[in-house]
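K.L.:
There's a structure below that I have some questions on.
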Amino acid sequence: MKYFSTRDKNLRLNFKDIFLRGLAPGGGLFLPIEIKKYNDKELEELSKLSYVDLATEIISNFCVPDLSKKNLNSLIKNAYKNFDDSEVVTIKKIGNTNLLELYNGPTLAFKDIAMQVIGNMYDELKVAEKNKVNIVVATSGDTGSAAISSLNERKNINVFILHPYNKISNIQRRIMTTIGSDNIYNIAIKGNFDDCQKIVKDMFEDNEFRKKINMSGVNSINWARIICQIVYYFFTSFKFSRKKLNFSVPTGNFGDVYAGYIAKKMGLSINKLIVATNENDILQRAINSGEYKPSIVKNSLSPSMDIQISSNFERLLFDVVNYDDKKVMSLMKNLSTEGSFQLKEEEINIIKKDFEAVKITDEETLKIIKDFENKENFIIDPHTATAVGASKKIKNENDTIVLGTAHPFKFLETIKKATGKVVEPPKQFSNILDKKEKFDILENNISEIKKYILGKENEN
Ligand SMILES: *Cc1c(COP(=O)(O)O)cnc(C)c1O
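Using the numbering used here, read the sequence shown as starting at 313 and increasing by one per residue.
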């Protein structure tokens, strides 16, 4: 499979290149030059597979010839061997809600599903065989721990995780800062997630620095993350006999819900993809009014979605403007010079064919968690709560799947506030509050962070 970018259609790179880089030269995002579309008979065959075998079939479309199906199958099997559910994800009916639990992995959020596979891909693609690779990651709270769990103690790999200082939950931070070993560096940036993501993007754009540290990235703009997330849309649809479903997805960087969109392009029958946002509602505004205009990031009860620059939206935009890379470039230029861009009526209508967007406030989030607990005796985390809330607003709950993106333990303060209940830690985290944390606090300043990375990268 060859890849080009949203800002350069003439580019031709293979999977291994785009896997390593994450971000395309010139700031665009990588896309495959074609997307496999399954016919009815093929879908019927796929529906008989186990999660691991299904993942192998779907993901391999995008990795040939760099990863053989056989090797991919064993690395995926290995990635999911310690998940709490042997089928990786769990589908539950709770009251009227169809909940797809995606948090059976080692760090209790859906980020594990892609990240555990990606860690094994680094080994399989032999990228760190000769030279040490330095992976730099921005996290809004859950990507960081998933990356650490997956890349911890891998040979010849360092991981630098940038999280927004004091803007993630206590448990989210502790999972990151207590499980790492010598190759993991946690950096708290005095800024928000958008600042962290911008620093990583700017580092990729600095060719000299990027080459010097042999830099790689695993943020949700990395196409490898998206392809791993496509799988559970297929798996769930198959469990519902391929009935035409809606999926309600708690959304920040637009990675997870965009994976649903790709599943639809691959031939899966999906009705609406519901974009559930918190008070950082840029996507809700963009989808409903066409104006893409980041405002100041608000700290909400669902910190992993406290994002105003929703990077993966650029991939959808590329489709909406009919694969016109120059147009994408000019919209993105507008964004950086004017602070916004405006979509036309017909472009909004294209988006609305597949997506609906709903904003859920913090106040609503608390009430949704409380009501769910009262009625169903089941605790959902604040991110999942936005998707439950959005699905109730859209109605038609029977035909809607809500993506459960994190375990409530990660947000126990909020759960306590909403329900008065204390969430017990899953057993691997029973003593997390007693463990020693390791992280450094740095200014929101790219040269300071580069200096820090250069100072550490040769330490071990
Ligand atoms: C990352 C995250 C999201 C948002 O996912 P995107 O792919 O960034 O839209 C939602 N919920 C949780 C718990 C997350 O960690």
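Ideal Cβ positions, reconstructed from N, Cα and C, are used throughout, including at glycine.
1. DSSP state of residue 480, grouped into three classes?
2. Can you round the beta-carbon distance between residue 476 and residue 501 to whole angstroms, since I take them to be within the 8 Å contact cut?
3. Roughly how far, in whole angstroms, is the beta-carbon of residue 724 from the beta-carbon of residue 674, given that I think they are within contact range, below 8 Å?
4. Among residues of its own chain, excluding the 5 on either side of residue 646, which ones have a beta-carbon nearer than 8 Å to its beta-carbon?
5. Between the stretch 458-477 and the stretch 727-747, can you find at least three pairs of beta-carbon atoms closer than 8 Å?
6. For a quick check, are the C-beta atoms of residue 421 and residue 717 less than 8 Å apart?
7. According to the neighbour-count rule (16 or more other Cβ atoms, all chains shown, within 10 Å of its Cβ), is residue 564 buried or exposed?
8. Where do the N-terminal and C-terminal ends of the beta strand (DSSP E) with residue 450 fall, by residue?
9. Do you know how far the Cα of residue 428 is from the Cα of residue 581?
10. Roughly how far, in whole angstroms, is the beta-carbon of residue 781 from the beta-carbon of residue 632, given that I think they are within contact range, below 8 Å?
11. Would you tell me roughly how many angstroms separate the C-alpha atoms of residue 695 and residue 707, rounded to the nearest one?
12. Check whether the Cβ atoms of residue 530 and residue 318 sit closer than 8 Å, and answer yes or no.
13. Which value, in whole angstroms, describes the spacing of the CA atoms of residue 579 and residue 396?
14. Could you give the distance in angstroms between the alpha-carbon of residue 575 and the alpha-carbon of residue 755?
15. Which whole-angstrom value describes the C-beta separation of residue 600 and residue 584, a residue pair presumed to lie in contact below a C-beta threshold of 8 Å?
16. Please check the pair residue 484 and residue 454, which I expect to be a contact at CB under 8 Å, by giving their CB distance rounded to whole angstroms.
17. Count the other CB atoms, across all protein chains shown, that sit within 10 Å of the CB of residue 376; report buried if there are 16 or more and exposed otherwise.
18. Any heavy atom of ligand 1 inside 7 Å of the beta-carbon of residue 562?
19. For residue 617, is the beta carbon positioned less than 7 Å from some heavy atom of ligand 1?
20. Between the alpha carbons of residue 486 and residue 744, how many angstroms are there, rounded?
21. Would the C-beta of residue 803 count as close to ligand 1, meaning under 7 Å from any of its heavy atoms?
22. From residue 561 to residue 700, what does the alpha carbon distance come to, in whole angstroms?
23. Which residue marks the beginning of the alpha helix (DSSP H) containing residue 455, and which one marks its end?
24. Would you call the CB atoms of residue 546 and residue 358 closer than 8 Å?
25. Within 10 angstroms of the Cβ of residue 407, are there 16 or more other Cβ atoms? Answer buried if so, exposed if not.
26. Pop quiz: residue 439 and residue 512 are said to be a contact at Cβ under 8 Å. What is the actual Cβ separation, rounded to whole angstroms?
27. DSSP three-state label for residue 344, please.
28. Going by DSSP, what residues sit across from residue 668 in a beta bridge?
P.N.:
Taking the definition as stated:
1. Along the sequence shown, read from residue 1 onward, the residue named residue 480 stands at position 168. It is coil, neither helix nor strand.
2. Here residue 476 refers to the residue found at position 164 of the sequence shown. Here residue 501 refers to the residue found at position 189 of the sequence shown. Indeed, because the Cβ distance is near 6 Å, the residues count as touching under 8 Å.
3. Numbered from 1 along the sequence shown, position 412 holds the residue referred to as residue 724. Numbered from 1 along the sequence shown, position 362 holds the residue referred to as residue 674. Residue 724 to residue 674, Cβ: 16 Å. No contact.
4. Sequence index remark: in the sequence shown, residue 646 carries index 334 (1-based). So the qualifying residues of the chain are 652 and 653.
5. With the cut-off at 8 Å, the stretch 727-747 and the stretch 458-477 do not touch.
6. Reading the sequence shown from its first residue, position 109 is the one you call residue 421. Reading the sequence shown from its first residue, position 405 is the one you call residue 717. Yes, Cβ-Cβ distance for residue 421 and residue 717 is below 8 Å.
7. Sequence index remark: in the sequence shown, residue 564 carries index 252 (1-based). By the 16-neighbour rule on beta-carbons within 10 angstroms, residue 564 is buried.
8. For the purposes of this step, residue 450 is identified with residue 138 of the sequence shown, where counting begins at 1. 445-450 is the extent of the beta strand (DSSP E) around residue 450.
9. The sequence position of residue 581 within the sequence shown is 269, counting from 1. The sequence position of residue 428 within the sequence shown is 116, counting from 1. The alpha-carbon atoms of residue 581 and residue 428 are separated by roughly 28 Å.
10. Nothing can be reported for residue 781: it is not among the residues displayed for the chain, which extend from 313 to 772.
11. Within the sequence shown, residue 695 is the residue found at index 383, counting from 1. Within the sequence shown, residue 707 is the residue found at index 395, counting from 1. In this model, residue 695 and residue 707 are separated by some 19 Å (Cα to Cα).
12. Indexing the sequence shown from 1 puts residue 530 at position 218. Indexing the sequence shown from 1 puts residue 318 at position 6. Going by C-beta atoms, residue 530 is not nearer than 8 Å to residue 318.
13. Start at 1 with the first residue of the sequence shown, and residue 579 comes out as number 267. Start at 1 with the first residue of the sequence shown, and residue 396 comes out as number 84. Cα to Cα, residue 579 sits roughly 30 Å from residue 396.
14. Taking the sequence shown and counting its residues from 1, one reaches residue 575 at position 263. Taking the sequence shown and counting its residues from 1, one reaches residue 755 at position 443. Taking the CA atoms as reference points, residue 575 sits about 40 Å from residue 755.
15. Reading the sequence shown from its first residue, position 288 is the one you call residue 600. Reading the sequence shown from its first residue, position 272 is the one you call residue 584. Contact doesn't hold; Cβ gap of about 14 Å is too wide.
16. Along the sequence shown, one-based indexing puts residue 484 at 172. Along the sequence shown, one-based indexing puts residue 454 at 142. A Cβ-Cβ separation of about 7 Å places residue 484 in contact with residue 454 under the 8 Å criterion.
17. By 1-based counting over the sequence shown, the position of residue 376 is 64. Looking at its Cβ environment, which holds fewer than 16 other Cβ atoms inside 10 Å, residue 376 is exposed.
18. The residue given as residue 562 occupies position 250 in the sequence shown. At least one heavy atom of ligand 1 is nearer than 7 Å to the Cβ of residue 562, so yes.
19. Taking the sequence shown and counting its residues from 1, the one referred to as residue 617 is at position 305. Annotation for residue 617 indicates a beta carbon within 7 Å of some heavy atom of ligand 1.
20. By one-based count along the sequence shown, residue 486 stands at place 174. By one-based count along the sequence shown, residue 744 stands at place 432. Distance between the alpha carbons of residue 486 and residue 744 is about 7 Å.
21. There is simply no residue 803 to check, as the chain begins at 313 and stops at 772 in what is shown.
22. Counted from its first residue, the sequence shown places residue 561 at position 249. Counted from its first residue, the sequence shown places residue 700 at position 388. One alpha carbon belongs to residue 561, the other to residue 700, and they sit about 9 Å apart.
23. Position 143 of the sequence shown, counting from 1, holds the residue named residue 455. Where residue 455 is concerned, the enclosing alpha helix (DSSP H) stretches over 455-463.
24. Taking the sequence shown and counting its residues from 1, the one referred to as residue 546 is at position 234. Taking the sequence shown and counting its residues from 1, the one referred to as residue 358 is at position 46. With respect to residue 358, residue 546 sits close: the two C-beta atoms are nearer than 8 Å.
25. Locating residue 407 in the sequence shown gives position 95, where the first residue counts as 1. With fewer than 16 Cβ atoms within 10 Å of its Cβ, residue 407 is classed as exposed.
26. Counting from 1 along the sequence shown, the entry for residue 439 is found at position 127. Counting from 1 along the sequence shown, the entry for residue 512 is found at position 200. Not quite, the Cβ-Cβ distance comes to about 18 Å (not below 8 Å), so this is no contact.
27. As a position in the sequence shown, residue 344 is number 32, starting the count at 1. Strand at residue 344.
28. In the sequence shown, counting from the first residue as 1, residue 668 sits at position 356. DSSP output for residue 668 lists 586 as bridge partner(s).
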